[in-house]
Each structure stands twice: as C-alpha cells, then as structure tokens.
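Using the working numbering, you'd call the opening residue of the sequence shown number 25 and step up by one each time. Ideal Cβ positions, reconstructed from N, Cα and C, are used throughout, including at glycine. Heads up: the structure comes next, in structure tokens.
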Amino acid sequence: MEESLYEIASMRQFAGLSLDAIPDETTLLNFRHLLEKRQLTHALFAAIHQHLCDKGLMLKQGIIVDATLIHTPSSTKNAQGERDPDMHQTWKGNQWYFGMKAHIGVDAQSGLVHHVAGTAANVADVTMVDQLLHGEEVDVFGDAGFTGVHIRRRPVTARDGRR
Numbered sequence: 025m026e027e028s029l030y031e032i033a034s035m036r037q038f039a040g041l042s043l044d045a046i047p048d049e050t051t052l053l054n055f056r057h058l059l060e061k062r063q064l065t066h067a068l069f070a071a072i073h074q075h076l077c078d079k080g081l082m083l084k085q086g087i088i089v090d091a092t093l094i095h096t097p098s099s100t101k102n103a104q105g106e107r108d109p110d111m112h113q114t115w116k117g118n119q120w121y122f123g124m125k126a127h128i129g130v131d132a133q134s135g136l137v138h139h140v141a142g143t144a145a146n147v148a149d150v151t152m153v154d155q156l157l158h159g160e161e162v163d164v165f166g167d168a169g170f171t172g173v174h175i176r177r178r179p180v181t182a183r184d185g186r187r
C-alpha cells in the first residue's frame with residue numbers, strides 16, 4: 025500500500041496525502057488491525073454506503089462483482105515473527121502471489137462500491153458472491169471468476185478431509 029501511495033497520484037489524492045506525508049507500511053498495517061480490533065471497518069463502510077444512498081447515488085439495479093489481489097511480500101511477518109494468518113498464496117496468470125483478495129460489489133450505473141469483503145488470496149471469487157449482493161439487484165455482472173454462481177448460492181467447504 026505504501027508503494028502504491030507513492031506511485032499512484034489518484035490514491036494519494038483520495039487519501040488526502042502528499043508525497044512527503046505518506047505513512048510507512050507498518051503504520052498502515054497497524055491502522056488496519058486497529059479498525060479490525062475495534063470492529064470499525066463494517067461500521068465505517070455502512071456509514072459511507074448510507075450517505076451515498078441518501079444522496080441518491082446508489083441505484084441498486086445492476087451490480088458488478090469482481091475481486092482483486094492485494095499482493096504482499098511473502099516474507100512479511102507479524103510481531104510474533106509469523107506470517108499474517110489473513111494472507112495466503114494463490115496462482116494467477118502463470119504466477120504465484122502471496123497476500124489477500126478484495127471481493128467487491130459495485131453499482132453498475134454509478135460505479136460506486138457498496139460491498140467489500142477481504143479474504144486470503146486463495147479464496148475462490150464465486151464463494152464470496154452472496155456477500156457482495158444486496159438482494160435488490162436486477163442484473164449481476166462478473167468475470168470468469170464468478171462462473172457457476174447460479175448453481176453455487178453458498179460457499180463450498182472441504183468435505184471428507186479434502187482440501
């Protein structure tokens with residue numbers, strides 16, 4: 025994230041930061057853990073979502089669902105010297121990645137995000153679709169990662185001890 029803030033001007037603008045005031049990776053990680061510990065991520069996102077609905081910016085007719093990898097170095101360790109349990113490796117496009125995945129539901133008309141769910145990188149996109157829908161959508165659009173969503177309404181868990 026720190027590297028992205030240095031490289032992408034639109035991210036700095038969104039965060040209200042200048043090049044000389046970008047927090048380091050540890051500060052960003054500590055902030056993320058603070059939000060999670062105090063269970064503020066969902067409340068913060070819900071408040072933003074409600075504000076957008078109040079302003080009439082969320083039409084709720086068409087939904088675009090997608091996921092994006094948040095790549096981190098595999099050597100990233102927490103304070104106990106262990107890898108972050110929220111991170112995992114996955115294979116995509118003939119390459120291994122280590123990190124997390126953000127599953128995102130977006131209003132098709134306005135492009136505004138209404139649902140976000142974070143998982144380990146190895147979680148299949150299609151298993152998260154129920155968490156990205158609000159129930160009032162008429163159309164749902166997704167890429168190949170969501171193939172079979174019409175038959176899989178709930179996440180599939182490992183059976184018979186298989187992975």
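Local conformation of residue i per DSSP, three classes
i    : result
T171 : coil
I46  : coil
D110 : coil
A148 : coil
Q74  : helix
K79  : coil
T96  : coil
Contact check, residue i vs residue j, beta carbons under 7 angstroms
i    : j    : result
V89  : G40  : no
L59  : S134 : no
V153 : F170 : yes
6 angstroms Cβ shell around residue i - same chain, five flanking residues per side excluded
i    : result
H73  : H138
D149 : A91, G169, F170
A141 : H127, M152, Q155
Below-7 angstroms beta-carbon distance, residue i vs any chain C residue
i    : result
M124 : No chain C is part of this structure, which consists of one protein chain only.
Residues near residue i by beta carbon distance below 8 angstroms, same chain, minus five either side
i   : result
E26 : I46, P47, D48, E49, L52
I32 : none
L43 : Y30, R36
Contacting residues, own chain, Cβ-Cβ under 7 angstroms from residue i (five flanking each side not counted)
i   : result
L29 : M35, R36, A39, L41, I46
Contact test: residue i Cβ vs the ligand ATP heavy atom, cutoff 6 angstroms
i   : result
Y30 : Summarising the ligand content, the structure contains no ligands, and the ligand ATP is consequently not present.
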